[in-house]
Every structure is written in C-alpha cells, then in structure tokens.
Amino acid sequence: MKDTLWYKNAIFYEISVRAFKDSNGDGHGDLQGLIEKLDYLQYLGVDCLWLMPIYPSPLRDDGYDIADYYNIDPIYGTLDDFRALLHQAHRRGIRIIMDLVLNHTSDQHPWFQAARADCHSPYRDYYVWSDTDQRYRQARIIFLDTETSNWTWDEQAGQYYWHRFYSSQPDLNFDNPHVQEEMLNVARFWLEMGIDGFRVDAVPYLFERENTSCENLPETHAYLKRLRKLVDEHYLDCLLLCEANQWPEEVRLYFGEGDEFHMGFHFPLMPRLFMALKKERFEDVRHILESTPPIPEICQWCTFLRNHDELTLEMVSEEERRWMWEQYAPDPCMKLNLGIRRRLAPLLDNDRRKIELAHSLLFTLPGAPIIYYGDEIGMGDNLDLPDRNGLRTPMQWEDSPTAGFTYGVPFAPFPRAPYAPQQVNVAAQIGDPHSLLNVLRNMIAVRKSHPAFGGHGMVWIETGNPAVAAYLRLHPEETLLVFNNLSGRPQAVRVPAEHGGRWIDLLSGQVLPLVSELLLPSHGYLWLKRVSEL
Ligand code: NOJ
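Everything in the sequence shown is counted per this note's numbering, starting at 14 for the first residue and increasing by one.
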C-alpha cells in the first residue's frame, strides 16, 4: 500500500543544485554531482529533497525566473540526468520535490517575448498589461530594495506589465484559461516523470483584483484546488507544499478542507524561534502556535530555521522587526528587503549549544522540519556577495581549497574564517560522533522513529520558568515530553506531579527519573518517553 501521508513525519532538505556538488569541473554544481552525494543525504537521514529551480533560466533570480518549464538548464545537466537522479534517490528511499513557479516567468520566456513583440499575439494575454501604472495600487512591493513599482514600462510593447517580484519576472495572467491549462500541463509533465511533488512558489499572488491587496484571493484558491485535483486523481502520493509568506489564518486557507495543499511553510513561527533564543523566553513561540488554527488531519506544517532567502520579517510587527534587526543584523549589509540575509550558524554566534537547541525546537515542535543544505554542518555566509547569494555558497565537503565541491573554480567564493572550508566541512565532522552533523543525525533518526513528532498533538507544560519551553507531544501510540532551556544559564523547572516517574532520554538512551524539580544545563534540551510505554 502506498504511504500517502509520508510527509507528515518526514525530514526535508533544501538544496541549491548549483551549490551542492560539481561533477564536471565547470565550477557549478550539477545533477550528477548531486547523485554522487545521495549516500551522504541518506546517511543524514533525510526523506525528501526540495530542489531549487533547475529549469533553463537567465538567472536574474537564481532560477526563479524560468525561460523553459520543460527542460533542465544545461549547467545542471539533461533530462536524462534528472531521470537518473530520481532513480538513484528513490532507490535510497529519498523523495524529490521541485519548485513549481506558477506566478511568473522570466522576461526571456518565449511567451513573454512573443507577448511584448505583438499585441495581437495569443501570448499577449498570457501576461498582465496596462496603459497606466495606477492599477492595483493596494498591492505591496515585495522586493523593496530593488523595485519601486509592481508595474514596468515595456518599450517594445508600449504598455506596462505587472510583476510582484523583479521586473525581469513578469506575472502570468491567471484570468486567461490558457495560462491555467499551461501551468497544469507543466505540473503534469514533471509528475509523469516521477517526481514526488512540488514546493509551489509565491502562491498568494496568482490573481489580481482592484481594491484588494491582490493576495490570497478566492480565485487563487479555486485554481490551486484544480492543481490538487490533478495530483489526487493521478499522482496520489505526491506532495504539494505551499509557499505563502502569510499569517497563520491566511495560510490555513491554503489547506482547504484537505483538498488544496498537503503542507504549508509556517513563516510566522520562524522569526519567533530566533526571538525566543535571543530573549531567552519562549512566550512568543507559544503565542504564535496557540494562535495557529488547527489544520486538517492529513495536512502538515513545514517548519524551518533558514532557507535560501533572507530571514523574512514580514510576519512580525514593526517593533519586533526593528528589534530583530538590532539583534541579528548589527551590520547594515546584513539587511535585505524586510529581512536578514544571514545563515543559521552566524545568526547564532556560531555557538554549538544554541545551534543544537534551535534544532531541538525545530524537530520537536509541531510540523515537519526542513534543513537548509549546509546548516547541518554549521556553514557560514559570504556577505561580499550581493542579494541572497551570500547564503548560497558552495557546499563544503572537505578542507581542500575548493572544499571538494569542484575540481575547477567554484562559481562563488566560500565564507571566510571561522566558516571557511578548513574549519567547517563534512569530512571532518562525519567521523566525529560529537560533531554537529552527527548530533543532528541522531536527532533526525530519533524524530523519525516517533510518530508523535509528526502528529498534531501538543500540550504546553507549566513549569513556572519562562526560559524553558516544555511540552508534551501526544499520539495514540506514545506520549513524549520535551524540555528546551533557552537560557545561557542552567535553569530549574518544576515538574508537575503527573509527569514524575521514569522516562527514557531518547537522544542518549539513558533512563531519567523525573522528580518534582529538574535542572537543565545552559541551552540544554531533553526529549523523553515514558519507560512504561517502551
Ligand atoms: C520565493 C522564492 O523563495 C524566492 O527566492 C524568489 O525570489 C521569489 N519567490 C520569486 O520567485
């Protein structure tokens, strides 16, 4: 029988193929390189890879500007290489989802080229044109640091075109039924090839309507339900993961009645994890989780600490955003749009205890976690590179000058000390049972063998200590008890009487008798299961 709910307790891993492993020495990572590294990903224990876009693209937005939806950019390889990757990944029990960019194409896409060249072309109406730049004034600008308007004048077309992201990414016109069909065909093409689903990019923006924010419109939901129907009818165990950087009530709508997305990123939780770590108090995390509406049983949140974009601060108040910038972006070059362009390890002061604790939260709170490539070894960033490129530097496999990433010249420079390949690399960590890599690997293995982590059941425990996030994860088969000490100092917590008794520490395998008080070391964490339930 097919396991159609596999995603609920899966570990996801996001990969920039360009930055992962180069097999042919041209300095860019590629599909054959990724195939070479599947054993590593299997060792780590990841269940599903999310590949950033690998379609032919002029790379004005690192592949999120697609010029051909039906091919692989030659930099990464061929369709046959992609088929080989799928085969090799599936052999190892690893699934692969790709980015599906519905909202916009590259301005180099033949549709846009035809549209701008001829107002009578059938492709003209594939995009959103206007004689003025005054329509849809209530739609916000997303790439605030670069774009001044969502309209750009096109000399050749003699009209403005609409774009929610870079001006090199014209929005498709989803009011056109042909566009709707084209994009379903794109999805069908890759699903037929055998992929396991899509991370669907920028879903809130598909339709535009006057006097609205042009986000989360009912038309958008109706279309996404069609996409889901296609998946349910023909590709039953495939996953649709929603990228909607919105408040929980809005994202909730993208789950529908279990008939729209299977999963959605929990954007508001992410900055609050960083707030909690800095304030040494868990209240913001608790508050956002308590204000997150329940989702259908078959659905799941996707939780994350970092990804390939800036640490976005759209889902916090202005005051919280200022505070986050003060705390986590002391140098102005670290700010980008409404966010912070830094990787996990530098954000957490390269402090091993904090990095582990952050993962303890990620792996034990509700949701299925996603790891951003390189964060499992504590890779740094290179802020000399513009935009978000500093977070997308080559994976550091070993301590050689090119970090075992390529035998040519890497497409981008590595981070400097203390994050250079000489200090941070897979080879050094893989043989060391106490390395970050192996500690996280153990967490992953434990997490996956406990269905409670993949369920929705969670109850906060009142410990009387605001620095210790303590909760039960409930499941018909087991009850787990988790403690996370956010403080840099040891903390004592009250253990409610009903939770006393003998527990097993799942991460070390040792038995721990819980009495009325528990002392946790600085940034310490415990994942417990009742001995009587073993
Ligand atoms: C969201 C992606 O994560 C980001 O990298 C991209 O720039 C925009 N969508 C536009 O596609």
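Glycine residues also receive a C-beta, built at the ideal position from the N, C-alpha and C atoms.
Asked: Just tell me which of E310, D322, I85 and Y248 has its CA closest to the CA of M283.; Found: D322
Asked: To the nearest whole angstrom, what separates the beta carbons of L374 and A482, a pair I think is in contact under 8 Å?; Found: 7 Å
Asked: Take F33 as the anchor and find which of P503, G522, A371 and V439 has the nearest alpha-carbon.; Found: V439
Asked: For ligand 1, I want to know if Y77 counts as a neighbour, meaning its beta carbon is within less than 7 Å of at least one of the ligand's heavy atoms.; Found: yes
Asked: Which word fits N258, buried or exposed, when buried means at least 16 other C-beta atoms lie within 10 angstroms of its C-beta?; Found: buried
Asked: In the DSSP output, which residue or residues are listed as bridge partners for G470?; Found: L487
Asked: Going by Cα to Cα distance, which pick from S119, M65 and R105 is closest to W175?; Found: S119
Asked: Given this structure, state the Cα-to-Cα distance separating I301 from D93, to the nearest angstrom.; Found: 44 Å
Asked: Looking at the strands, I want to know which residues DSSP matches up with D184.; Found: H117
Asked: Can you check which of these residues, A430, Y432 and L237, is closest to L113 by C-alpha distance?; Found: L237
Asked: Helix, strand or coil: how does DSSP classify Q126 here?; Found: helix
Asked: If you measure from the CB of A152, is any heavy atom of ligand 1 nearer than 7 Å?; Found: no
Asked: Excluding five sequence neighbours on each side, which residues of the same chain lie with their C-beta closer than 8 Å to the C-beta of A291?; Found: Position check: residue 291 holds Lys in this sequence, whereas Ala was assumed. So the list reads Q340 and Y341, once near-sequence residues are dropped.
Asked: Pop quiz: H469 and P414 are said to be a contact at Cβ under 8 Å. What is the actual Cβ separation, rounded to whole angstroms?; Found: Actually they do not touch by this definition, with Cβ atoms about 48 Å apart.
Asked: Within 7 Å: the Cβ of E256 and any heavy atom of ligand 1?; Found: yes
Asked: Measuring straight from C-alpha to C-alpha, what distance separates Q151 and Q126?; Found: 28 Å
Asked: Going by beta-carbon coordinates alone, are R543 and W516 separated by less than 8 Å?; Found: yes
Asked: Going by other Cβ atoms of all chains shown within 10 Å of its Cβ, with 16 needed for buried, is I48 buried or exposed?; Found: buried
Asked: Where do the ends of the alpha helix (DSSP H) carrying E530 lie?; Found: No alpha helix (DSSP H) holds E530; the beta strand (DSSP E) holding it covers E530 to L533.
Asked: When you compare only the Cα positions, how much space is there between D131 and T145?; Found: 19 Å
Asked: Buried or exposed: where does W410 fall if 16 or more other Cβ atoms within 10 Å of its Cβ makes it buried?; Found: buried
Asked: So does the region 302-314 actually touch the region 354-364, counting three or more Cβ pairs closer than 8 Å?; Found: no
Asked: Please say whether R356 and G393 have beta carbons closer to each other than 8 Å?; Found: yes
Asked: Which value, in whole angstroms, describes the spacing of the CA atoms of D86 and L351?; Found: 30 Å
Asked: Alpha carbon to alpha carbon, how far is I67 from L51? Give it in angstroms, no decimals.; Found: 17 Å
Asked: For F156, which of Y139, L64, L266 and S181 has the nearest alpha-carbon?; Found: S181
Asked: Taking C-alpha atoms, which residue in G387, F274 and L539 lies nearest to Y20?; Found: F274
Asked: So, with DSSP's three-state summary, where would you put F95?; Found: helix
Asked: Who are the near neighbours of S36 in its chain, counting only those whose CB is closer than 6 Å to its CB and skipping five residues on each side?; Found: D43, Q45 and G46
Asked: Taking 8 Å as the cut-off, decide whether the C-beta atoms of D518 and L533 are in contact.; Found: no
Asked: With 16 other CB atoms within 10 Å as the buried threshold, where does S330 fall?; Found: exposed
Asked: According to DSSP, is R355 helix, strand or coil?; Found: coil
Asked: So what's P306 in DSSP terms, helix, strand or just coil?; Found: coil
Asked: Between R241 and the rest of its own chain, which residues show a CB-CB distance below 8 Å, the 5 nearest in sequence each way excluded?; Found: L253, G269, D272, E273 and F274
Asked: State the Cα-Cα distance for the pair A200 and A128, rounded to the nearest angstrom.; Found: 23 Å
Asked: Between M408, W142, Y385 and T476, which lies nearest to T165 when the distance is taken from Cα to Cα?; Found: W142
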